[in-house]
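In this text, residue positions in the sequence shown follow the numbering used here: the first is 2, and each later residue adds one.
All residues carry an ideal CB built from backbone N, CA and C; glycine is no exception.
Single-structure report; data block below.
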Amino acid sequence: QLAEALERGPNTPVRELDILPPDERAYLLEELNRTAVTYPEQRCIHELFEAQVRRAPDAVAVVCAEERVSYGELNARANQLAHHL
2 QLAEALERGP NTPVRELDIL PPDERAYLLE ELNRTAVTYP EQRCIHELFE
52 AQVRRAPDAV AVVCAEERVS YGELNARANQ LAHHL
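Below, the structure is given as structure tokens:
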């Protein structure tokens with residue numbers, strides 16, 4: 002795929018090249034990204050988050066590079082920011 006794209010447009014910037022076959026691209030972007038779920042309409046997002054904190058305070062909520070933040074830590078940081086505001 003990449004070789005064909007380079008043959009068709011040797012001066013095309015790399016960011017514009019199609020390096021995946023269309024079916025693989027569709028699978029990666031559409032099938033693997035199908036993460037929609039339904040949420041209770043009568044509850045606010047902060048209520049859902051706090052319920053998750055109660056269920057699993059030590060579970061990992063966020064990963065950024067080597068840093069991992071648990072739901073409990075994230076909730077404490079969010080509350081600290083909210084009180085500051």
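Sequence-distant residues of the same chain with beta carbon closer than 8 Å to residue i, five excluded per side
| i | result |
| --- | --- |
| VAL63 | ARG69, VAL70, LEU75 |
| ILE20 | GLN2, LEU3, ALA6 |
Three-way DSSP call (helix, strand, coil) for residue i in this model
| i | result |
| --- | --- |
| ALA27 | helix |
| LEU82 | helix |
| ILE46 | helix |
| GLN2 | coil |
| VAL54 | helix |
| ASN12 | coil |
| ASN76 | helix |
| LEU7 | helix |
Bridge-paired residues (DSSP) for residue i
| i | result |
| --- | --- |
| VAL63 | VAL70 |
Same chain, Cβ closer than 7 Å to residue i, five either side skipped, listed in chain order
| i | result |
| --- | --- |
| TYR72 | GLN53, VAL54, ALA57, PRO58, ALA60, ALA62 |
| PRO22 | GLN2 |
| HIS84 | none |
Proximity of residue i and residue j at Cβ, strictly below 9 Å
| i | j | result |
| --- | --- | --- |
| LEU18 | LEU30 | no |
| LEU33 | PRO41 | no |
Residue i CB to nearest heavy atom of the ligand HEM below 8 Å
| i | result |
| --- | --- |
| THR39 | With respect to the ligand HEM, the structure offers nothing, as it holds no ligand at all. |
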